[in-house]
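Going down the list, the protein sequences come from chains U and D.
Positions in the first sequence are counted from 1; adding 852 to them yields the numbering used here.
Positions in the second sequence are counted from 1; adding 306 to them yields the numbering used here.
Just so you know, even glycine gets a beta-carbon here, dropped at the ideal spot from N, CA and C.
Values in this document were obtained by computation on a predicted structure and should not be read as measured data.
In what follows, a single structure is set out as structure tokens and then discussed.
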Amino acid sequence: MKTQTFPNPTPSHLADAPPEDRLAFAITEVARQFPDRAAIVAEAGGEGSRSIEYATLAAAIVKLEGALDRVRPVGIVARAKRTESLVVIAAACGRQHVPVAFLAEDSRDLIGELRDWVAIDDSLLLVANPADQRREFEAVATHVVVATSGTSGPPKLVDHSWDSLLAAARLAEQWHGLGWILVYDATRWAGIQVWLQALLTGGRLVVPASRDPDVVLRAIVAEQATVLPATPTLLRRLLTSADRTLLAGARLERITLGGEAADGLLLEQCRAAFPGAKITQVYATTELGEVFRVTDGLPGFPATWLGRSLAGGARLGMRRDGELLVQLSRDTAEVATGDLVEKRGDRYEFTGRRSDVIVVGGAKVLPRRVEELLRGIPGIADARVYGMPSAITGELVAAEVVLADPMPAGSSPESIRAAALAACRSGLEPHGVPRILDMVKKIATNPAGKVPRRQA
Amino acid sequence: MSIPTDATVAAIVAAIRQVLHDTGRTAVTVEPQMLLSTELGLDSLDLAQTIVLLERSLGVDPFRSPPPGSARPSIRTVADLVGIYSQNAPISSSTGQP
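In structure tokens, the structure reads:
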């Protein structure tokens, strides 16, 4: 159910404003016309759900801008935990042309690189320390610093211009006034994209009280959210672990998958659970931003895309060993993504990251392949395959699986386990067969909602 | 060399039987003098899995950090395994307590 759309800011008005001003501008405009409209619903689906209006955000932004103008810090580190605080800090810093960094809990030790920057927490108070560096002139371009999730290497800080941060935002009429579920970390690239998108379009950002599948679904239903951006792992958890009646009550219209590649089975299960939803798969990295989107609902991307210029201007290439290469534009260098792809029919499908490869007695195993096999076993809802160190073989393939609830009639954990191992023996090379198969209540994920590949 | 406890032997036999079961092979009675590779048919992957299972049940992995100056132990028979795990057993298991 869409809330009423509003005439201002129209996409052209927003586009006229400099990129760093757009967030503050959009929030202020909506606040002017619809001050009572909810901008953010925090702790949604839980007991302490609270709503923050556009007018409240607009006032907080102006107040912080005043402080920034007086203190003129070199940069700001957003140390706040609440999403509404992060939004206010981003909008105020943008319009005041102050660089801002978003650091997640696990990247706090990277703060050493930003030593002259001033931290702001949920109090939104800017404490002026006379010893702090003051900006005398705008020598440093206004930019936003985001930490990578550490999935493909140790977490590091990446600079983005506001232009690049907003590049993927969809501002057309059809995107206005929607309810967006935020299950991503609000300080990382994916989460930032979601709250920017919601607030630039007068939408409602719904932040569930936790990532528990039932809580997320309750939030979707209670707040009538219709857009779910998520990783395939989080979506799989929703589909397999959530209460069936709650699942049936959710009316999602758009599901945007990113962060990991979705396989054909998940896409089928998603269509079955949410028949009215349009599924978009986004391929993006914190360094590159968004590279391409696939909207045909099939895994991977069309084979014809390789070697051609895509809609956003990017060009895809492939190394001999299957690693995907991206050249964002004619003037930029080709980047090795670390993602491996394989041609299957008229598509290229993702087979995993190069760094995921498990080496057993010198032979390579791709965890994704084993996971796809395991997920196809009746009685297994989800699986995570990872490398376990071994003094004898270097590594062993290990797996943890979540059983389907309810289990198929006549089966038991033992029979499912035996069936899984038998299927692995016939479908994989001997070194690829999981040697350890544990049954767990839920699949371990890292803070970015992705699946870790080394033993936790 | 400490005296092998019943618990250590039982854990090793159970681990080997689990490996045979998991890999679709028929169960056999495991005896101390049996050769791991030629009589029980265990390859390096099977051995690696056995070691992981024993780390879970006995709480030690003697192969992970060998004592300084030690050579790679020879593991040909079930008894060899029992010997290695008995030498590396935590204090509690040598007093017969779990």
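Asked: Please report how far the alpha carbon of P802(U) lies from the alpha carbon of A930(U), in whole angstroms.; Found: For chain U, the structure presents residues 853 to 1308; residue 802(U) sits outside this window and is missing.
Asked: Tell me which residue opens and which closes the alpha helix (DSSP H) that G1043(U) is part of.; Found: W1041 to L1052
Asked: Contact criterion: CB-CB distance below 8 Å. Does G1213(U) meet it with respect to chain D?; Found: yes
Asked: Do L1080(U) and L1098(U) count as a contact pair if the criterion is CB distance below 8 Å?; Found: no
Asked: For V1193(U), does the three-state DSSP call read helix, strand or coil?; Found: strand
Asked: Where does P951(U) fall in DSSP's three states?; Found: coil
Asked: I need the straight-line Cα distance from S400(D) to P310(D), nearest angstrom please.; Found: Below a pLDDT of 50, predicted positions are generally treated as unreliable, and S400(D), at 40, falls in that range; the measurement from the model is reported next regardless. If I take the Cα positions, the gap works out to 8 Å.
Asked: Quick check on this structure: which residue in Q1133(U), T1053(U) and D1095(U) has the alpha carbon closest to the alpha carbon of A1082(U)?; Found: Q1133(U)
Asked: Determine the direct distance from the alpha carbon of D1037(U) to that of W918(U), and round the result to whole angstroms.; Found: Looking at the sequence shown, residue 918(U) is not Trp but Gly. Distance between the alpha carbons of G918(U) and D1037(U): 28 Å.
Asked: Output the boundary residues of the alpha helix (DSSP H) element that contains S350(D).; Found: S350 to L364
Asked: Apply the 10 Å Cβ neighbour rule to L344(D) and answer buried if 16 or more other Cβ atoms are within range, or exposed otherwise.; Found: Looking at the sequence itself, residue 344(D) is Thr, so the reference to Leu does not match. Exposed, by the Cβ-count rule.
Asked: Beta-carbon within less than 7 Å of V998(U)'s beta-carbon, same chain only, minus the 5 sequence neighbours each way: which residues are those?; Found: F954, V1010, H1012, R1040, W1041, I1044 and T1138
Asked: Under 8 Å between C-beta atoms, does I357(D) make it to chain U?; Found: yes
Asked: Note down, in chain order, every chain A residue with its Cβ under 8 Å from the Cβ of M1240(U).; Found: Among the protein chains in the structure shown, which are U and D, there is no chain A.
Asked: Could you have a look at A1125(U) and say whether DSSP puts it in helix, strand or coil?; Found: helix
Asked: For the structure I just gave you, are there three or more beta carbon pairs, one from the segment 1107–1127 of chain U and one from the segment 1246–1259 of chain U, closer than 8 Å?; Found: no
Asked: Which stretch, first to last residue, makes up the alpha helix (DSSP H) that contains Q324(D)?; Found: D312 to D328
Asked: Using a Cβ-Cβ cutoff of less than 8 Å, which residues in the same chain neighbour V388(D) once the five nearest sequence positions on both sides are dropped?; Found: P310, T314, V315, I318 and P338
Asked: Could you tell me which residues DSSP puts in a beta bridge with T1137(U)?; Found: G1141(U)
Asked: I want to see whether chain D comes within less than 8 Å of R1305(U), judged by CB atoms only; does it?; Found: no
Asked: Taking C-alpha atoms, which residue in V914(U), V923(U), V1143(U) and V996(U) lies nearest to F877(U)?; Found: V914(U)
Asked: What residues in the segment 318–334 of chain D have a beta carbon less than 9 Å from any beta carbon of chain U?; Found: V325, H327, D328, T329 and G330
Asked: Which value, in whole angstroms, describes the spacing of the CA atoms of A354(D) and S1242(U)?; Found: 6 Å
Asked: Mind checking whether G1263(U) and G1214(U) have CB atoms under 8 Å apart?; Found: Before going on, a small fix: residue 1263(U) reads as Ser here, not Gly. Going by C-beta atoms, S1263(U) is not nearer than 8 Å to G1214(U).
Asked: Please check if any C-beta of chain D sits within less than 8 Å of the C-beta of R1221(U).; Found: no
Asked: For L1086(U), I'd like the list of residues in its chain whose CB is within less than 6 Å of its CB, leaving aside the five on either flank, ordered along the chain.; Found: V1035 and G1301
Asked: Using DSSP with H/G/I as helix, E/B as strand and the rest coil, what is Q339(D)?; Found: coil
Asked: Thinking C-beta only, is L1176(U) closer than 8 Å to V1312(U)?; Found: Coverage of chain U is limited to positions 853 through 1308, which leaves residue 1312(U) absent and any answer about it impossible.
Asked: Which word fits M1291(U), buried or exposed, when buried means at least 16 other C-beta atoms lie within 10 angstroms of its C-beta?; Found: exposed
Asked: Looking at the unbroken alpha helix (DSSP H) that takes in W1014(U), where does it start and where does it end?; Found: W1014 to L1018
Asked: Near L920(U), which residues of its chain fall below 8 Å by C-beta distance, leaving aside the five closest residues on each side in sequence?; Found: I928, A944, C945, Q948, V950 and L978
Asked: Rounding to the nearest angstrom, what Cα-Cα distance links G1029(U) and L1289(U) in this structure?; Found: 46 Å
Asked: Measure how close the beta-carbons of A896(U) and A1061(U) come, nearest whole angstrom, since I'm counting them as under 8 Å.; Found: 6 Å
Asked: What are the boundary residues of the alpha helix (DSSP H) that D921(U) is part of?; Found: Y906 to V923
Asked: For T1078(U), tell me which candidate among W1032(U), L1162(U) and M1170(U) has the shortest Cα-Cα distance.; Found: W1032(U)
Asked: Considering only the beta carbon of each residue, do W1047(U) and P871(U) sit closer than 8 Å?; Found: no
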